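Colleague: Position 55, counted from 1, in the sequence shown is what the UniProt record's numbering calls 55; the numbers after and before it change by one each time, with no gaps. Here a beta-carbon is modelled for each residue, glycine too, at the ideal position from N, C-alpha and C. Being a predicted model, the structure only gives us computed values, none of them experimental.
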Amino acid sequence: MLIGAHTSISGSRVSSDEAAPPYNNISNAIFRQKQFGGNCGQIFSHSPQVWQDPNIDDDEAEKFRERSDQQGVGPWVIHSSYLVNLCTPKDDLREKSIDSMQKEVDAAEKLGIEYVNVHLGAHTGAGVEGGLDNAASALDELDIPESVTVLIESDAGSGTKLGGQFEHLAGVLDRSEQDLEICLDTAHMFAAGYDISTAEGVEDTVEEFDDVVGLDNLACIHLNDSKHECGTNKDEHAHVGEGLIGEEGMKAVINHEGLRGCPYVLETPTEDGKSFAWNVERVRELRE
Ligand SMILES: [Zn+2]
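So, in structure tokens, the structure goes:
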């Protein structure tokens with residue numbers, strides 16, 4: 001199965017093992033992934049809290065492509081900046097968002113990365129339809145390299161953020177001229193009101209997704225349990241099987257016929273002692 005984690009690219013060297021090659025910068029993500037027991041993964045190309053250029057030099061990009069290949073790690077996803085808001089009615093934020101996304105898809109091409117993941121953002125008064133129009137037209141302004149696919153991620157749906165309902169995801173796919181695909185985040189789906197805490201709930205939810213969006217448009221799954229109840233719109237991730245989705249629901253997601261071919265990317269907490277390695281192992285245990 002394809003399972004990995006959202007991995008940091010920071011630091012100049014991550015191994016105390018002198019025999020390890022001097023992985024640096026973005027290639028650190030590959031080494032870390034191997035340490036977690038992962039075989040695919042996700043990165044930020046730069047700090048996600050600021051507007052910043054990914055600034056990837058040619059040598060670094062070549063190293064990343066070569067080592068991903070050698071180590072058999074992939075596909076990779078670049079998660080775009082949290083500041084990006086494709087739904088916004090504000091011109092300046094829209095321009096910055098389009099510019100940032102263009103840099104992400106260009107960085108992905110350079111690194112040989114297949115996917116760039118983005119949240120639709122908040123419509124902040126433009127309304128659902130207006131927000132979806134804004135998002136689609138912003139995406140249509142991108143010059144997306146042929147080797148790269150933009151993934152629209154499902155959202156927890158707080159405030160005026162779009163992407164919580166499958167209809168929003170379908171709405172953007174319908175409106176945009178780009179070849180977009182979808183990334184479903186299990187914690188976000190649950191927060192947005194899709195009760196995937198039981199095998200039956202997962203079955204119903206996947207069926208609904210297939211009806212509204214189409215399973216053939218699903219490219220990736222962010223595999224996170226949730227610290228908050230279903231329908232609360234609160235986005236806080238928990239370790240696999242330890243949150244309110246729980247073991248039954250997570251197990252059903254990990255094994256569902258329509259989902260199990262997708263890369264599963266963990267965005268589980270990193271500050272409370274349980275590592276990505278623990279979660280990768282848990283997922284493998286739950287896989288049948
Ligand atoms: Zn996510």
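Could you tell me the alpha carbon to alpha carbon distance between residue 175 and residue 84, rounded to whole angstroms?
Modeller: Here residue 175 refers to the residue found at position 175 when the sequence shown is read from its first residue. Here residue 84 refers to the residue found at position 84 when the sequence shown is read from its first residue. Their Cα atoms are separated by approximately 19 Å.
Colleague: Please go through the same chain and pick out, in chain order, the residues whose beta-carbon is closer than 7 Å to the beta-carbon of residue 124, but skip the five residues on each side of it.
Modeller: Working through the sequence shown from its first residue, we reach residue 124 at position 124. Closer than 7 Å at Cβ, skipping near neighbours: 88, 89 and 160.
Colleague: Decide yes or no for the touch test of the stretch 39–52 against the stretch 66–83: beta carbon pairs closer than 8 Å, at least 3 of them.
Modeller: yes
Colleague: Note the first and the last residue of the continuous beta strand (DSSP E) segment covering residue 291.
Modeller: No answer is possible for residue 291: it lies beyond the span of the chain, which begins at 1 and ends at 288.
Colleague: Looking at the strands, I want to know which residues DSSP matches up with residue 318.
Modeller: In the structure displayed, the chain extends from 1 to 288; residue 318 sits before or after that span and is not available.
Colleague: Straight-line CA distance for residue 243 to residue 164?
Modeller: Mapped onto the sequence shown, residue 243 falls at position 243. Mapped onto the sequence shown, residue 164 falls at position 164. Cα-Cα distance, rounded: 19 Å.
Colleague: Taking all protein chains shown into account, do 16 or more other C-beta atoms lie within 10 angstroms of the C-beta of residue 167, making it buried, or fewer, making it exposed?
Modeller: Position 167 of the sequence shown, counted from the first residue, corresponds to residue 167. Exposed: under 16 other Cβ atoms inside 10 Å.
Colleague: Which one or two residues does DSSP pair with residue 181 in a beta bridge?
Modeller: As a position in the sequence shown, residue 181 is number 181, starting the count at 1. Paired residues: 151.
Colleague: Starting from residue 61, follow the alpha helix (DSSP H) in both directions and report where the run begins and ends.
Modeller: Numbered from 1 along the sequence shown, position 61 holds the residue referred to as residue 61. Segment 58–71, the alpha helix (DSSP H) holding residue 61.
Colleague: Whose CA, out of 110, 29, 36 and 65, lies closest to the CA of residue 54?
Modeller: The residue labelled residue 54 in the question sits at position 54 within the sequence shown. Of the residues 110, 29, 36 and 65, the one whose Cα lies closest to the Cα of residue 54 is 110.
Colleague: Tell me whether residue 289 is buried or exposed, calling it buried when 16 or more other Cβ atoms sit within 10 Å of its Cβ.
Modeller: Missing from the structure shown is residue 289; the chain here goes from 1 to 288 and no further.
Colleague: Just the C-alpha distance for residue 229 and residue 191, rounded to the nearest angstrom, thanks.
Modeller: Taking the first residue of the sequence shown as position 1, residue 229 is located at position 229. Taking the first residue of the sequence shown as position 1, residue 191 is located at position 191. Whole-angstrom Cα-Cα distance: 7 Å.
Colleague: Label residue 68 either buried or exposed according to how many other C-beta atoms from any shown protein chain fall within 10 Å of its C-beta, with 16 as the threshold for buried.
Modeller: Translated into positions along the sequence shown, residue 68 becomes position 68. Residue 68 comes out buried.
Colleague: Decide if residue 127 is buried, meaning its Cβ has at least 16 other Cβ atoms within 10 Å, or exposed.
Modeller: Counted from its first residue, the sequence shown places residue 127 at position 127. Taking a 10 Å sphere around the C-beta of residue 127, we find fewer than 16 other C-beta atoms and assign the residue as exposed.
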